[in-house]
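S.K.: Numbered per this note's numbering, the sequence shown spans residues 4 to 482.
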Amino acid sequence: MEDRIQALKDRNCVSETVAFYKQQVRTEHDSNAIELGLAILRHLFDSHQYDQLVTIVAELATVRSTKMKILGSLVDEAMKYLKVLPFELKVNLIKTLTAVTAGKMELENQHIQLVRVHAQTLEEHNQLKEAADILNELQIETVGALTAEERTLFVLEQLRVTLDAEQWILAPLLARKVNKSTLGDNQEKYYRLLIRLHQHEHSYLDIARDYLSIVTALRGPQPAPAAATAAPKEPHEATATATSAAPAPAPATAPKPVDKAAVLENLQLAALYGLLAPYDIEQNQLLIRLAQDETLQKEVPLLKMVVDVFLADEIIRWSSFAPAVQPAMMSTAVFAPQPDEAPAAATTTTAAATAQPPTSARWEEFHQRVTDHDIRVIAKFYDRIHIAHFAELLDLTPEVAEQALAKLVTDHVVFARIDRPKGLVTFTRERQPADVLNEWSNDLSGVLAKVERVTRLIEKERMVHKQETEAATSAAADQ
Numbered sequence: 004m005e006d007r008i009q010a011l012k013d014r015n016c017v018s019e020t021v022a023f024y025k026q027q028v029r030t031e032h033d034s035n036a037i038e039l040g041l042a043i044l045r046h047l048f049d050s051h052q053y054d055q056l057v058t059i060v061a062e063l064a065t066v067r068s069t070k071m072k073i074l075g076s077l078v079d080e081a082m083k084y085l086k087v088l089p090f091e092l093k094v095n096l097i098k099t100l101t102a103v104t105a106g107k108m109e110l111e112n113q114h115i116q117l118v119r120v121h122a123q124t125l126e127e128h129n130q131l132k133e134a135a136d137i138l139n140e141l142q143i144e145t146v147g148a149l150t151a152e153e154r155t156l157f158v159l160e161q162l163r164v165t166l167d168a169e170q171w172i173l174a175p176l177l178a179r180k181v182n183k184s185t186l187g188d189n190q191e192k193y194y195r196l197l198i199r200l201h202q203h204e205h206s207y208l209d210i211a212r213d214y215l216s217i218v219t220a221l222r223g224p225q226p227a228p229a230a231a232t233a234a235p236k237e238p239h240e241a242t243a244t245a246t247s248a249a250p251a252p253a254p255a256t257a258p259k260p261v262d263k264a265a266v267l268e269n270l271q272l273a274a275l276y277g278l279l280a281p282y283d284i285e286q287n288q289l290l291i292r293l294a295q296d297e298t299l300q301k302e303v304p305l306l307k308m309v310v311d312v313f314l315a316d317e318i319i320r321w322s323s324f325a326p327a328v329q330p331a332m333m334s335t336a337v338f339a340p341q342p343d344e345a346p347a348a349a350t351t352t353t354a355a356a357t358a359q360p361p362t363s364a365r366w367e368e369f370h371q372r373v374t375d376h377d378i379r380v381i382a383k384f385y386d387r388i389h390i391a392h393f394a395e396l397l398d399l400t401p402e403v404a405e406q407a408l409a410k411l412v413t414d415h416v417v418f419a420r421i422d423r424p425k426g427l428v429t430f431t432r433e434r435q436p437a438d439v440l441n442e443w444s445n446d447l448s449g450v451l452a453k454v455e456r457v458t459r460l461i462e463k464e465r466m467v468h469k470q471e472t473e474a475a476t477s478a479a480a481d482q
């Protein structure tokens, strides 16, 4: 065997050595086959015959009756050369090895590693779409050689490359494949990827939830409350307990220090995106949760005040509210104008407005959220209101106020009817005769139930009084 290998090095007799390798495989001389196969690959690599190396790898791997032990040795050896090969030869060799390892359970780890290297190589050469396609072709759920945590990491890699390739239809499907219980220390990485996805979808409520999830991950598990002090035991009970007590548990691992700056930053972003989200029950619950956070109250009182204002059933006068919060909010990355953003059109300006400070598209959306809040408050406390007064409360022109109200009505947030000839906005529904009759019937049933209950109580009191009177009369007669 050593003579064959030496002849290969001296005379470059690759074809003869390959033929002898095939003979060793067919005769089941596994150790000789492995030694010959590795020698052929090393010779071709050392002599820089890279093109022939790719061809020989495919030829050696497809020999009939090749055992997995031999095939695994060849694949492992060939994978060592990927770091130094030029781009095209590297891709060709990866494709060859991927085809060899595909569908073989014993080589699943090598197959996954090759897929990752292939995608990373394409990504380094800005072929993002091809890299995403390579990764997403692998159904990681069917791979049994990986643990649940390793599968989750692979799906996160798939999601990241898919987002880089801007495949926005596939990205949500990959995000739903992630098992959150197996994220471990990768929770922040996962929610950062979700934020990129939700940024593209302009889903402000989901972005706020993602930032809150990051805050929860940064803070770590909260310490359990101390157990209540047990009642004192009798002496004999204390002795028995001490005798049969289990050994004390080992001390818990010290928790990781909390990055307070990162917590505060993500908490602010959660609050800002929560304020930008359209109103619904979930958005209201998120704001309530933020309002109860002590860190937000201590570190950013202005933002805490804005959250409280949105939770209160009070009208927000934009003319006085905007100058108080605009400088601080416009200094954040959320409201700052984007480089490719056109100047925002002031569609919700007041009639008396003159010069205005620079705004952004998100600042105009925030103005719309304030307007939506005010309309909900007005609908709660008014049955009817004149359009002029309605617009005055909103600090808007009548036309813009009517447009804002129409949008909320279309979104089924409030109910309203506009009577333009009379200049009135009605927030109460017209009651149908059947509804009035049902309400009257319910009220009448309630009254009858109360009358019946009072009658029963009166009859009870009469019976008690009658018994007491008879008892008193009987006692007087005995005397």
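Beta carbons: idealized from backbone N, C-alpha and C, even for Gly.
Here the structure is a predicted model, which is why all the values come from computation and not from measurement.
(1) Rounded to the nearest angstrom, what separates Asn-95 and Leu-138 at their Cα positions?
(2) Out of Leu-200, Leu-117, Tyr-194 and His-205, point me to the one whose CA is closest to Thr-219's CA.
(3) Answer with buried or exposed for Asp-296, where buried requires no fewer than 16 other C-beta atoms within 10 angstroms of its C-beta.
(4) Can you tell me the Cα-Cα spacing of Gln-202 and Asn-129, whole angstroms?
(5) If you draw a straight line from the alpha carbon of Ala-105 to that of Lys-98, how long is it in whole angstroms?
(6) Tell me the DSSP secondary structure of Ile-421 in three-state form.
(7) Just reading off the beta strand (DSSP E) that Thr-429 is part of, what are its end residues?
(8) Looking only at its own chain, which residues have a Cβ that is under 8 Å from the Cβ of Val-21, when we skip the five neighbours before and after it?
(9) In its own chain, which residues sit with a C-beta less than 8 Å from the C-beta of Ala-248, not counting the 5 before and 5 after it?
(10) Going by the DSSP bridge assignment, what does Ile-210 pair with across the sheet?
(11) Quick one: complete alpha helix (DSSP H) runs, 4+ long, within the stretch 321-345?
(12) Taking 8 Å as the threshold (C-beta atoms), are Leu-272 and Val-373 in contact?
(13) Can you tell me the Cα-Cα spacing of Asn-182 and Glu-126, whole angstroms?
(14) What three-state label does DSSP hand Arg-487 in the structure shown?
(15) Per the DSSP calculation, Arg-554 is bridged to which residue(s)?
(16) Would you check if there are 3 or more beta carbon pairs closer than 8 Å linking the stretch 429-445 to the stretch 396-412?
(17) Please go through the stretch 173-219 and give each complete alpha helix (DSSP H) segment of 4 or more residues, from N-terminal end onward.
(18) Here's the rule: buried if 16 or more other CB atoms are within 10 angstroms of the residue's CB, otherwise exposed. What is Leu-460?
(19) DSSP three-state call for Leu-85: helix, strand or coil?
(20) Quick check on Arg-67: does DSSP put it in helix, strand or coil?
(21) If you follow the alpha helix (DSSP H) that Glu-160 is in, where does it begin and where does it stop?
(22) Using the Cβ count rule (16 or more neighbours within 10 Å means buried), how would you classify Gly-147?
(23) Report buried or exposed for Val-428, applying the criterion of at least 16 other Cβ atoms within 10 angstroms of its Cβ.
(24) Give me the residue from Asp-375, Glu-133 and Asn-445 with the minimum Cα distance to Ala-280.
(25) DSSP three-state call for Ile-319: helix, strand or coil?
(26) Between the C-alpha atoms of Gln-371 and Leu-399, what's the straight-line distance to the nearest angstrom?
(27) Buried or exposed for Ser-334, going by 16 or more other Cβ atoms inside 10 Å?
(28) Whole angstroms are fine: how far does the CA of Asp-446 sit from the CA of Ser-477?
(29) Nearest by alpha-carbon distance to Pro-330: which of Phe-313, Glu-464, Met-108 and Ser-363 is it?
(30) Go through its chain and collect everything with a Cβ distance to Ile-210's Cβ below 6 Å, but skip five positions before and after it.
(31) Quick test of your reading: Leu-305 and Val-328, contact by CB under 8 Å. State the CB separation rounded to the nearest angstrom.
(32) Between the Cα of Gly-187 and the Cα atoms of Ala-135, Gln-170 and Ile-217, which residue gives the shortest distance?
M.R.: Let's see:
(1) Position 92 of the sequence shown holds residue 95. Position 135 of the sequence shown holds residue 138. When rounded, the distance between both Cα atoms is 17 Å.
(2) By 1-based counting over the sequence shown, the position of residue 219 is 216. Of the listed residues, the one whose Cα sits closest to Thr-219 is Tyr-194.
(3) Counting from 1 along the sequence shown, the entry for residue 296 is found at position 293. Result: buried.
(4) Here residue 202 is taken as the residue at index 199 of the sequence shown, counted from 1. Here residue 129 is taken as the residue at index 126 of the sequence shown, counted from 1. So the two alpha carbons sit approximately 23 Å from each other.
(5) Working through the sequence shown from its first residue, we reach residue 105 at position 102. Working through the sequence shown from its first residue, we reach residue 98 at position 95. Linking Ala-105 to Lys-98 through their CA atoms gives a straight-line distance of about 10 Å.
(6) As a first step, residue 421 is located in the sequence shown; it is residue number 418 there, counting from the start. When DSSP states are grouped into helix, strand and coil, Ile-421 belongs to the strand group.
(7) Within the sequence shown, residue 429 is the residue found at index 426, counting from 1. For Thr-429, the enclosing beta strand (DSSP E) has its first and last residue at 427-429.
(8) For the purposes of this step, residue 21 is identified with residue 18 of the sequence shown, where counting begins at 1. Taken in chain order, the residues that qualify are Ile-43, Ile-59, Glu-62 and Leu-63.
(9) Locating residue 248 in the sequence shown gives position 245, counting from the first residue. A caution first: Ala-248 carries a pLDDT of 46, below 50, which makes its placement in the model unreliable, though a value can still be read off. Nothing meets the Cβ criterion.
(10) Locating residue 210 in the sequence shown gives position 207, where the first residue counts as 1. Listed as beta-bridge partners of Ile-210 by DSSP are no residues whatsoever.
(11) Taken in chain order, the complete alpha helix (DSSP H) segments of 4 residues or longer contained in the stretch 321-345 are 321-333.
(12) Start at 1 with the first residue of the sequence shown, and residue 373 comes out as number 370. Start at 1 with the first residue of the sequence shown, and residue 272 comes out as number 269. In this structure, Val-373 sits away from Leu-272, with a CB-CB distance that is not shorter than 8 Å.
(13) Numbered from 1 along the sequence shown, position 179 holds the residue referred to as residue 182. Numbered from 1 along the sequence shown, position 123 holds the residue referred to as residue 126. About 26 Å.
(14) Nothing can be reported for residue 487: it is not among the residues displayed for the chain, which extend from 4 to 482.
(15) Nothing can be reported for residue 554: it is not among the residues displayed for the chain, which extend from 4 to 482.
(16) No, they do not touch.
(17) 173-179 and 190-204, all fully within the stretch 173-219.
(18) As a position in the sequence shown, residue 460 is number 457, starting the count at 1. Looking at its Cβ environment, which holds fewer than 16 other Cβ atoms inside 10 Å, Leu-460 is exposed.
(19) The count along the sequence shown starts at 1 and reaches residue 85 at position 82. DSSP places Leu-85 in coil when its eight states are reduced to three.
(20) As a working mapping, residue 67 is identified with position 64 in the sequence shown. Judged by DSSP in its simplified three-state form, Arg-67 adopts coil rather than helix or strand.
(21) As a first step, residue 160 must be located in the sequence shown, where it is residue number 157. Looking at the DSSP string, the run of the alpha helix (DSSP H) that includes Glu-160 is 151-167.
(22) As a position in the sequence shown, residue 147 is number 144, starting the count at 1. Classification for Gly-147: exposed.
(23) On the sequence shown, residue 428 is found 425 positions in, with the first residue counted as 1. Buried is the call here.
(24) Position 277 of the sequence shown, counting from 1, holds the residue named residue 280. Ranking Asp-375, Glu-133 and Asn-445 by Cα distance to Ala-280 puts Asp-375 first.
(25) Against the sequence shown, residue 319 aligns to sequence position 316. Residue state, collapsed to three classes: coil.
(26) The residue given as residue 371 occupies position 368 in the sequence shown. The residue given as residue 399 occupies position 396 in the sequence shown. Each residue's Cα considered, the two are about 11 Å apart.
(27) Within the sequence shown, numbered from 1, the residue matching residue 334 stands at position 331. Ser-334 comes out exposed.
(28) On the sequence shown, residue 477 is found 474 positions in, with the first residue counted as 1. On the sequence shown, residue 446 is found 443 positions in, with the first residue counted as 1. For Ser-477 and Asp-446, the distance between alpha carbons rounds to 47 Å.
(29) By one-based count along the sequence shown, residue 330 stands at place 327. Checked all of Phe-313, Glu-464, Met-108 and Ser-363; the closest Cα to Pro-330 is Ser-363.
(30) In the sequence shown, the residue the question calls residue 210 occupies position 207. Its chain contains Ile-198, His-201 and Tyr-276 as the residues whose beta carbon lies nearer than 6 Å to that of Ile-210, once the 5 sequence neighbours on both sides are disregarded; these appear in chain order.
(31) For this step, residue 305 is matched to residue 302 along the sequence shown. For this step, residue 328 is matched to residue 325 along the sequence shown. Confirmed, about 7 Å.
(32) Within the sequence shown, numbered from 1, the residue matching residue 187 stands at position 184. Comparing C-alpha distances from Gly-187 to each of Ala-135, Gln-170 and Ile-217 shows the shortest one belongs to Ile-217.
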